[in-house]
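Have a look at the structure below before the remarks.
Numbering (this note's numbering), first residue to last: 10 to 493.
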């Protein structure tokens with residue numbers, strides 16, 4: 010049932026919990042056209058009548074299982090994607106759903122609205138990058154790694170070389186540089202592309218639960234283990250397990266992960282027997298591994314097991330020539346999602362975007378563009394629509410230079426901060442300036458958000474756990490309590 014793709018993306022929510030449906034609707038509705046269904050039969054009938062992009066399906070529905078609804082969706086709308094929603098007690102069914110063609114799965118409760126938005130947006134992006142009508146070529150669509158710089162060209166070349174390998178791969182880079190995008194490109198370009206891609210943020214799982222989440226547990230293994238629980242290694246069997254923020258993994262879990270990588274076998278918590286899994290592990294981190302290894306926070310043997318293949322992602326400030334290409338791509342994506350096709354940047358807005366250092370990298374740039382698009386009612390985004398932390402160029406305010414000095418501007422090192430001195434190496438001076446910038450930016454950010462860590466993370470585009478780490482490293486410990 011083809012339909013014009015310039016409409017707002019349509020998302021169907023299927024769950025028998027009416028409160029959850031309304032909560033998810035409130036989160037998604039600003040960006041998506043949402044339909045809600047409280048039971049499987051009504052959802053399946055609707056799928057036959059109305060085209061959609063993504064369906065969020067509860068695994069356990071009264072009368073029929075989410076797997077049956079998924080199978081029906083695949084028959085009547087093969088171009089749509091599905092995200093399965095599951096509680097801890099039904100992970101095995103979610104594993105089956107992933108093998109049956111689900112795009113992703115989320116576990117209840119979904120406490121982070123941004124996580125839900127990102128997963129749905131990724132599924133929509135997959136749908137809209139498919140050839141018209143879906144078909145075999147649809148499954149072969151790869152995430153786009155855009156840019157014209159030599160640095161990003163090297164990244165694309167490494168992805169092409171590494172995609173067909175089953176070796177563990179380590180992706181390093183600052184928060185927001187696109188580590189998960191690269192991991193998904195490796196998956197989509199390799200022989201496991203039709204098998205599951207499971208992503209987990211190691212820093213977002215409580216230390217007491219991470220081993221159960223990764224390796225599973227047996228019934229009665231610990232207090233509250235009322236049923237057997239399959240882990241994420243089982244969910245990713247045959248496919249790829251993406252371990253984001255691997256540097257935050259607890260030491261004891263590092264030991265167990267090392268054994269899985271060495272032996273290719275998993276032992277659930279409380280079990281006495283191992284079982285074999287076939288999983289390609291792709292790990293990512295923004296941690297300085299040299300320091301982590303030196304400080305004993307990360308096992309050296311695990312590091313070498315994770316990094317036979319390695320991709321280092323450059324910060325956005327180190328490839329400024331890519332900003333116009335990325336910015337236009339992001340504007341096209343946000344415009345398509347919100348029904349605002351055809352909006353463009355003014356020359357002054359693009360100059361402002363290119364001049365800003367983007368400490369939150371591509372994620373922060375994406376947030377800024379979404380902000381500007383929301384404020385702009387016409388077809389051209391001007392510099393005044395950009396967030397206040399992206400200063401517009403003010404050439405009229407530049408001091409006049411004497412005749413004969415029309416070439417290089419006369420800017421002393423003192424204008425860059427007291428930490429800059431010609432007595433140190435270039436790399437050290439640059440690192441000092443960037444540290445001073447991070448401190449100034451984060452101090453102002455926390456002041457503007459009244460110390461609310463969640464609000465600061467949303468505004469800056471920096472992942473919440475990464476933002477907390479940056480604040481601690483700079484001695485700017487966020488306030489404790491529910492607001493942080």
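From the three backbone atoms N, C-alpha and C, an ideal C-beta is built for every residue, glycine too.
Quick caveat: nothing in here was measured; it's all calculated off a predicted structure.
**Study point:** Rounded separation between residue 237 and residue 227 - CA only
**Key:** About 5 angstroms.
Check your understanding: Near residue 334, what residues of its chain come up, given a Cβ to Cβ distance below 8 angstroms and the 5 sequence neighbours on each side ignored?
Key -> Counting only Cβ-Cβ distances below 8 angstroms, and skipping sequence neighbours, we find 155, 156 and 157.
**Study point:** Cβ distance (whole Å) where residue 216 is taken to contact residue 259 below 8 angstroms
**Key:** Right, the Cβ-Cβ distance comes to about 5 angstroms (below 8 angstroms), so this counts as a contact.
**Study point:** Backbone secondary structure at residue 295 - three-state DSSP
**Key:** Residue 295: coil per DSSP, three-state reduction.
Exercise for review: Could you check what DSSP says for residue 210 in three-state terms: helix, strand or coil?
Suggested key: Of the three classes helix, strand and coil, the one that applies to residue 210 here is strand, per DSSP.
Point to revise | Sequence-distant residues of its chain with Cβ nearer than 6 angstroms to residue 290 (five each side left out) | key: Only residues of its own chain outside the window of five on either side were considered, and among them 177 and 250 have a CB closer than 6 angstroms to the CB of residue 290, listed in chain order.
Exercise for review: Thinking residue 61 and residue 128 are a contact (beta carbons under 8 angstroms), I'd like their distance in whole angstroms, please.
Suggested key: 16 angstroms between Cβ atoms; not a contact.
**Study point:** residue 46 - partner residues in DSSP beta bridges
**Key:** Bridge partners of residue 46: 23.
Exercise for review: Below 7 angstroms CB to CB, which residues in the same chain sit around residue 379 once its five sequence neighbours on both sides are set aside?
Suggested key: The beta carbon of residue 379 sits closer than 7 angstroms to the beta carbons of 343 from its chain, once the five residues preceding and following it are set aside; these are given in chain order.
Exercise for review: Let me know the secondary structure DSSP gives residue 81 once reduced to three states.
Suggested key: Helix at residue 81.
Practice item. Return the CA-CA distance between residue 78 and residue 467, expressed in angstroms with no decimal places. Key: Cα to Cα, the separation comes out at about 34 angstroms.
Practice item. Could you say which of 91, 159, 117 and 124 lies nearest to residue 136 if we only look at CA atoms? Key: Cα-wise, what sits closest to residue 136 is 91.
Exercise for review: Put residue 40 into one of helix, strand or coil per three-state DSSP.
Suggested key: Residue 40 carries a coil assignment under DSSP once its states are collapsed to helix, strand and coil.
**Study point:** Neighbour-count burial assignment, residue 86, 16 or more Cβ in a 10 Å radius
**Key:** It counts as buried.
**Study point:** Among 321, 174, 167 and 485, the one whose alpha carbon lies nearest that of residue 448
**Key:** Of the candidates 321, 174, 167 and 485, the one whose C-alpha sits nearest the C-alpha of residue 448 is 485.
Review point. Roughly how many whole angstroms lie between the Cα atoms of residue 174 and residue 365?
Key: Answer to the nearest angstrom: the Cα atoms are 37 angstroms apart.
Check your understanding: If you draw a straight line from the alpha carbon of residue 120 to that of residue 36, how long is it in whole angstroms?
Key -> Their Cα atoms are separated by approximately 11 angstroms.
Point to revise | Terminal residues of the alpha helix (DSSP H) in which residue 473 lies | key: 473-482 is the span of the alpha helix (DSSP H), which, as asked, contains residue 473.
Review point. Which one of 323, 451, 339 and 337 has the shortest CA to CA distance from residue 180?
Key: Nearest option by C-alpha distance: 323.
Point to revise | Nonlocal neighbours in the same chain, by C-beta distance under 6 angstroms from residue 401, ignoring five residues either side | key: Hits under 6 angstroms: 361 and 392.
Review point. If you check the beta carbons only, do residue 399 and residue 353 fall under 8 angstroms apart?
Key: For residue 399 and residue 353, no; Cβs fall outside 8 angstroms.
Point to revise | Buried versus exposed call for residue 299 [16 or more other C-beta atoms within 10 Å across all chains shown] | key: Exposed, by the Cβ-count rule.
Practice item. Please go through the stretch 186-234 and give each complete beta strand (DSSP E) segment of 3 or more residues, from N-terminal end onward. Key: Taking only runs of at least 3 residues, the beta strand (DSSP E) segments lying wholly in the stretch 186-234 are 206-210.
Check your understanding: DSSP puts residue 113 in a beta bridge; with which residues?
Key -> Beta-bridge partners of residue 113 (DSSP): 92.
Review point. Are the CB atoms of residue 49 and residue 82 nearer to each other than 8 angstroms?
Key: Against a cut-off of 8 angstroms, the Cβ pair of residue 82 and residue 49 comes out as no contact.
Point to revise | Per-residue DSSP class, three states only, for residue 332 | key: In the three-state scheme derived from DSSP, where H, G and I count as helix and E and B as strand, residue 332 is classed as helix.
Review point. To the nearest angstrom, how far is it from the Cα of residue 357 to the Cα of residue 450?
Key: One alpha carbon belongs to residue 357, the other to residue 450, and they sit about 23 angstroms apart.
**Study point:** Within 8 angstroms, strictly: CB atoms of residue 64 and residue 80
**Key:** Cβ distance not < 8 angstroms, so residue 64 and residue 80 don't count as in contact.
Point to revise | Distance cut-off 7 angstroms: residue 345 Cβ against heavy atoms of the ligand MN | key: The model on display carries no ligand, and the ligand MN is accordingly not part of it.
Review point. What distance in whole Å lies between the Cβ atoms of residue 242 and residue 288, which are believed to be in contact at a cut-off of 8 angstroms?
Key: Between residue 288 and residue 242 the beta-carbon gap is near 6 angstroms, inside 8 angstroms, which marks them as a contact.
Practice item. Could you have a look at residue 257 and say whether DSSP puts it in helix, strand or coil? Key: In the three-state scheme derived from DSSP, where H, G and I count as helix and E and B as strand, residue 257 is classed as helix.
Practice item. Ignore the nearest five residues each way along the sequence and tell me which others in residue 42's own chain have a CB closer than 8 angstroms to its CB. Key: In the same chain as residue 42, and ignoring 5 residues on each side of it, the C-beta atoms closer than 8 angstroms to its own belong to 16, 17, 18, 19 and 20, in chain order.
Review point. For the alpha helix (DSSP H) that contains residue 363, what are its first and last residues?
Key: Per DSSP, residue 363 is one residue of the alpha helix (DSSP H) stretching across 356-364.
Point to revise | Best match in 73, 109, 67 and 68 for proximity to residue 84 [C-alpha to C-alpha] | key: Of the candidates 73, 109, 67 and 68, the one whose C-alpha sits nearest the C-alpha of residue 84 is 109.
Exercise for review: Leaving out five residues on either side along the sequence, give the residues of the same chain with a beta carbon under 6 angstroms from the beta carbon of residue 394.
Suggested key: Here the set comprises 381, 384 and 385.
Exercise for review: With a threshold of 16 other CB atoms inside 10 Å of the CB of residue 231, please say whether the residue is buried or exposed.
Suggested key: With fewer than 16 neighbouring CB atoms inside 10 Å of its own CB, residue 231 falls in the exposed class.
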